[in-house]
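Chemist:
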Amino acid sequence: MLVLLLVLGLSLSAGAVTIRHWDWHQPRMNLKLKYMEEYEKLNPDVKFETQVIGWEDYWTRLMSGVAGGDVPDIAQFHNSQTQAFLNHLEPFPADLFDYDRYKEDFINFEAAYLFDGTFHFYPVGIMSGLIFYNTDYWAEAGLTEADIPTTWDEFREIAKKLTKYDSAGDIQVAGFVPNGILGVFWLDLHYQLGGKLYGEDAKTVAWNNEAGIKALELIEQLIFEDRVTEPGFLGFSEAMGTGHAAMVYSWSWLGGELNNNYPDLNWGVFRLPTFDGKLAPGPVARNNHETGMSVMKGARAEAKGAAFEFLKWLYEETDYLVEVNLILGTAPSNRNLLDDPRIVENPLIAAIAEQVPYTNIPGEIPYEVENDYGLGMLQDLLFFGYSAADALALAEAEANGVLQERPVKWYVEDLYVPVAE
Amino acid sequence: MSQTRKKRIDGKQRFVLAVLIPTVLFFVFFSFIPIIYAFYISFHEMDFLNPPAFVGLANYKGLIGDTHLYNSLRVTATFAVITVFIGGALAFFFALLINSVKRGQAILRTVYFLPVMTSLVAVGVIWGWLYQPRFGLLNEVLKIFGIPRQMWLSSPKTALPSAIAASTWQGMGFTIVIFLAGLHSISQTYYEAAEVDGANSLQKVWYITIPLLRPTFVYLLITGFITGFQVFDQLYVMSGPLNSTRGFIELLYTRAFSYYQMGRASAMAFLLFAIIVTLTLIQFKIVTKTQVEH
Chain A
156 MLVLLLVLGL SLSAGAVTIR HWDWHQPRMN LKLKYMEEYE KLNPDVKFET QVIGWEDYWT
216 RLMSGVAGGD VPDIAQFHNS QTQAFLNHLE PFPADLFDYD RYKEDFINFE AAYLFDGTFH
276 FYPVGIMSGL IFYNTDYWAE AGLTEADIPT TWDEFREIAK KLTKYDSAGD IQVAGFVPNG
336 ILGVFWLDLH YQLGGKLYGE DAKTVAWNNE AGIKALELIE QLIFEDRVTE PGFLGFSEAM
396 GTGHAAMVYS WSWLGGELNN NYPDLNWGVF RLPTFDGKLA PGPVARNNHE TGMSVMKGAR
456 AEAKGAAFEF LKWLYEETDY LVEVNLILGT APSNRNLLDD PRIVENPLIA AIAEQVPYTN
516 IPGEIPYEVE NDYGLGMLQD LLFFGYSAAD ALALAEAEAN GVLQERPVKW YVEDLYVPVA
576 E
Chain B
96 MSQTRKKRID GKQRFVLAVL IPTVLFFVFF SFIPIIYAFY ISFHEMDFLN PPAFVGLANY
156 KGLIGDTHLY NSLRVTATFA VITVFIGGAL AFFFALLINS VKRGQAILRT VYFLPVMTSL
216 VAVGVIWGWL YQPRFGLLNE VLKIFGIPRQ MWLSSPKTAL PSAIAASTWQ GMGFTIVIFL
276 AGLHSISQTY YEAAEVDGAN SLQKVWYITI PLLRPTFVYL LITGFITGFQ VFDQLYVMSG
336 PLNSTRGFIE LLYTRAFSYY QMGRASAMAF LLFAIIVTLT LIQFKIVTKT QVEH
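Taken in order, these protein sequences are the chains called A and B.
The first sequence runs 156 to 576 under this note's numbering.
The second sequence runs 96 to 389 under this note's numbering.
(1) Grouping DSSP H, G and I as helix and E and B as strand, with all else coil, what is T118/B?
(2) Return no unless some Cβ of chain A is closer than 9 Å to the Cβ of Y354/B.
(3) Please report the distance separating the alpha-carbon of I259/B from that of E235/B.
(4) Drop a sphere of 10 angstroms on the beta-carbon of F149/B, count the other beta-carbons inside from all chains shown, and report buried for 16 or more, exposed for fewer.
(5) Quick one: does S219/A have its CB under 9 Å from some CB of chain B?
(6) For the alpha helix (DSSP H) that contains V439/A, what are its first and last residues?
(7) Of the residues that make up the stretch 504 to 527 of chain A, which ones have a beta carbon closer than 9 Å to any beta carbon in chain B?
(8) Quick one: give me the first and last residue of the alpha helix (DSSP H) that M448/A is part of.
(9) Nearest by alpha-carbon distance to K197/B: which of I181/B, A184/B, R244/B and H279/B is it?
(10) Using 9 Å as the limit for Cβ to Cβ distance, is N295/B near chain A?
(11) Under a CB-based cut-off of 9 Å, is N555/A close to chain B?
(12) Jot down the residue ranges of each uninterrupted alpha helix (DSSP H) in the stretch 226 to 302 of chain B, minimum 4 residues, whole runs only, in chain order.
(13) Along the chain, which unbroken stretches of the alpha helix (DSSP H) at least 4 residues long are found entirely within the stretch 196 to 226 of chain A?
(14) DSSP puts G280/A in a beta bridge; with which residues?
(15) For S219/A and F143/B, I'd like the C-alpha separation in whole angstroms.
(16) Of all the CB atoms in chain A, is at least one closer than 9 Å to the CB of L144/B?
(17) Name the chain B residues that come within less than 9 Å of D325/A, Cβ to Cβ?
(18) Around the Cβ of I131/B, are there at least 16 other Cβ atoms within 10 angstroms (buried) or fewer (exposed)?
(19) Can you pull the chain B residues whose beta carbon is under 9 Å from the beta carbon of L483/A, in chain order?
(20) Mind the definition here: the stretch 331 to 350 of chain A touches the stretch 398 to 406 of chain A only if three or more C-beta pairs lie below 8 Å; say whether that holds.
(21) Is it the case that the Cβ atoms of G484/A and M184/A are separated by a distance below 9 Å?
(22) Count the other CB atoms, across all protein chains shown, that sit within 10 Å of the CB of F187/B; report buried if there are 16 or more and exposed otherwise.
(23) Any C-beta of chain B sitting closer than 9 Å to the C-beta of H591/A?
(24) Which residues mark the beginning and the end of the alpha helix (DSSP H) in which S405/A is found?
(25) Chain A beta carbons: is any one of them nearer than 9 Å to that of P336/B?
(26) Thinking L315/B and T270/B are a contact (beta carbons under 8 Å), I'd like their distance in whole angstroms, please.
(27) Does any CB atom of chain A fall closer than 9 Å to the CB of H139/B?
(28) Can you tell me whether G223/A is buried or exposed, with buried defined as 16 or more other CB within 10 angstroms of its CB?
(29) How is D431/A classed by DSSP in three states: helix, strand or coil?
(30) Tell me whether V162/A sits in a helix, a strand or coil according to DSSP, three-state version.
(31) How do the stretch 502 to 520 of chain A and the stretch 441 to 448 of chain A stand: do at least 3 beta-carbon pairs fall below 8 Å, yes or no?
(32) Checking contacts by CB at 9 Å: is H279/B closer than that to chain A?
(33) What residue range is occupied by the uninterrupted beta strand (DSSP E) comprising F261/A?
(34) CB L330/B to CB G319/B, shorter than 9 Å?
(35) Does the contact criterion of 3 or more C-beta pairs under 8 Å hold for the stretch 271 to 285 of chain A versus the stretch 488 to 503 of chain A?
(36) So which residues on chain B does A314/A lean against when the C-beta distance must stay under 8 Å?
What follows is the structure, given as structure tokens:
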């Protein structure tokens, strides 16, 4: 009898599989857990083992996992790591995932996801830079939604109007804070003026030019002429959250942070103004894709098939895709979801959705170029006395040094198609 | 009789071995083998994601003329020198003061030691708030005295001194405790004899305390330089603009784990090892020479 029970038990568990999954974002994982539970009910042979690892450690853990042969079967992926990890991700099988439909349905699918004809991480959402504003200060200043600026000239006037100084003349509430994200903000302005991130074949950056200087001069005017912010002021996120900023530039993830960390703050959001007030032909900003999950090449053989089956099921779930975009503050990559009432009614997502068709994805930006030795330097150079041209020349030289040493392989900036007016 | 003794010795040896083996194994697996492996990596182009490629001395040659590396060495050396000499002098001064207190010495010692036990990240965050140029407490205090606002960690000129000051405050308790232990080991009879000879407080410190604390100074000098050159957390948390506080280990860490340049980062690690060994040998040489002369 015991032997019979053992045999039965073994045969029952023979088809069982546990899928291991890592993510760095707790709210997204919470959502996934809800769907995983549902999937487990539908597929009793499939179980999930999940782990949340903070962003700072996530890539180191994944890298050491690849080196040591201990990776999750499904890993949450981010396209900033494409160059490093692409060879370790399984392509999504064409017999399970409809490539032709994805090319039609997903924004930037070919530019942002296809590598040698296959894709290795699922398209989920798109982010871009926006202007967040404190609705209480806005109302105090007698402004309404009709006053939302569409040009940078209008924006400057409103920023001045919203800035509050104390009796000593120090800024108490900054009209506009790009502090902490100034280089990223500059790049959007640079795009608006016809500039690009990269030079030919992405072997160099193309910053120190007329468009770049004009873009940086606008920021210079906001800081030193209009005095709507100043060097050493709080960073954009803290300034907004603590009520020391009336407007800030940020990528759309800030919405989630404000909701989580500053629930009492009343805020709104609008798309980036432009120099002429129009979005077309674009690009008016850089975008980046909040990618989905990947199946690792080093995943256990018995789990790979089940992992793809699960991803197919999950990503066919409209509710999951809408909910995850609402959590991340991103516009859905799938065009068909842009009309979903939950997306349309969300002011943050609606603002991104309005701007996204006019934004460009340049491809990979090396960590050093975005942070330490390139865009990240612009703020400090500008704050500490460098002219726009000198700041750009220095940052450009540093960034070019990085690119010479580590050339960018994923470069799609030139694929942007101007939108008809 | 001799067999019983031999057995007893064997038993002792077995105990010693049993105690030592885990430590030795720990050292071998978590220090020795990784060091050897890091040396191997330093001759390769490697990112742990692709097969390593042998590049000979290229990673070491690449360090020559590397301006970012030179900057990080300057930052680290400045940090080490200031924390060792100025931090050490301040700690010595406070240790003398605490030592002269008759009551509540233990409480004072605990108070000074508290920051040592505090998380470096928490210290960094708190000091970051204190240093905040627009709303920070330090500038508010300066304002009372009519002193203009300072940029502290937000300026490339003042960021490193600001980070060093916070770090010195955080680590001073440890140095004070070491000095206090040294001070307690000095026999009171020396001071009593000096008093009979009419020596004042300063003379007692100069002619008795400092010479008799020489081993403590040597210990703190050597360990201070070694830890100073390995500084990471403090400068990482309290970072200033334009890489003005980017120390050697932070650059090494970033190259390894953000840029995935394991080979170059390993070469940097061995360069740092060489620098620390050289400095320590020089310090030993100087100390030995002055001891002989003394």
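Cβ atoms here follow ideal geometry from the backbone N, Cα and C, with glycine treated the same way.
If you're wondering where the values come from, they're calculated on a predicted model, not measured in any experiment.
Modeler: Once the coordinates are examined:
(1) Helix.
(2) It does: the Cβ of Y354/B has a partner Cβ on chain A nearer than 9 Å.
(3) For I259/B and E235/B, the distance between alpha carbons rounds to 21 Å.
(4) Exposed is the call here.
(5) It does; some Cβ of chain B falls within 9 Å.
(6) Looking at the DSSP string, V439/A is not in any alpha helix (DSSP H), and its letter there is neither H nor E.
(7) Of all residues in the stretch 504 to 527 of chain A, those with a C-beta nearer than 9 Å to a C-beta of chain B are P521, Y522, E523, N526 and D527, reading in chain order.
(8) Where M448/A is concerned, there is no enclosing alpha helix (DSSP H), although the beta strand (DSSP E) it sits in stretches over M448 to V450.
(9) Ranking the options by Cα distance to K197/B, first place goes to H279/B.
(10) Not one chain A Cβ lies under 9 Å of N295/B.
(11) Answer no: the Cβ-Cβ gap between N555/A and chain B never drops below 9 Å.
(12) As far as the stretch 226 to 302 of chain B is concerned, its whole alpha helix (DSSP H) runs of at least 4 residues are 232 to 239, 254 to 279, 283 to 291 and 296 to 299.
(13) For the stretch 196 to 226 of chain A, whole alpha helix (DSSP H) runs of length 4 or above, ordered along the chain, are 210 to 223.
(14) Answer is E445/A and P487/A, bridged to G280/A.
(15) Looking at the two C-alpha atoms, the distance is approximately 7 Å.
(16) So yes, L144/B belongs to the interface.
(17) For D325/A, the chain B residues whose C-beta falls within less than 9 Å of its own C-beta are R229 and R244, listed in chain order.
(18) With fewer than 16 Cβ atoms within 10 Å of its Cβ, I131/B is classed as exposed.
(19) Within 9 Å Cβ-Cβ: nothing; L483/A doesn't reach chain B, min ~23 Å.
(20) Here the stretch 331 to 350 of chain A makes contact with the stretch 398 to 406 of chain A; the two share three or more CB pairs at distances below 8 Å.
(21) Cβ distance not < 9 Å, so G484/A and M184/A don't count as in contact.
(22) Buried, because 16 or more other Cβ atoms sit within 10 Å of the Cβ of F187/B.
(23) Lying before the first or after the last residue shown, residue 591/A is absent from chain A, which here runs from 156 to 576.
(24) Per DSSP, S405/A is not a residue of any alpha helix (DSSP H); the beta strand (DSSP E) it occupies stretches across M402 to W406.
(25) Residue contact check for P336/B against chain A: a CB pair falls below 9 Å.
(26) Rounded, the Cβ-Cβ distance is 6 Å, consistent with contact.
(27) Answer no: the Cβ-Cβ gap between H139/B and chain A never drops below 9 Å.
(28) Per the 10 Å Cβ criterion, exposed.
(29) Collapsing the DSSP output to three states places D431/A in coil.
(30) For V162/A, the pLDDT reaches just 45, beneath the cut-off of 50, and the residue's location in the model is therefore unreliable, leaving the point undetermined.
(31) Output reads yes: the stretch 441 to 448 of chain A touches the stretch 502 to 520 of chain A.
(32) Taking Cβ atoms only, chain A never reaches closer than 9 Å to H279/B, which makes this a no.
(33) Counting along the chain, F261/A falls outside any beta strand (DSSP E), and DSSP gives it neither H nor E.
(34) No. Outside cutoff.
(35) Under the Cβ criterion (8 Å, minimum of three pairs), the stretch 271 to 285 of chain A counts as touching the stretch 488 to 503 of chain A.
(36) Those do not exist, as A314/A stays about 17 Å from chain B at its closest Cβ, beyond 8 Å.
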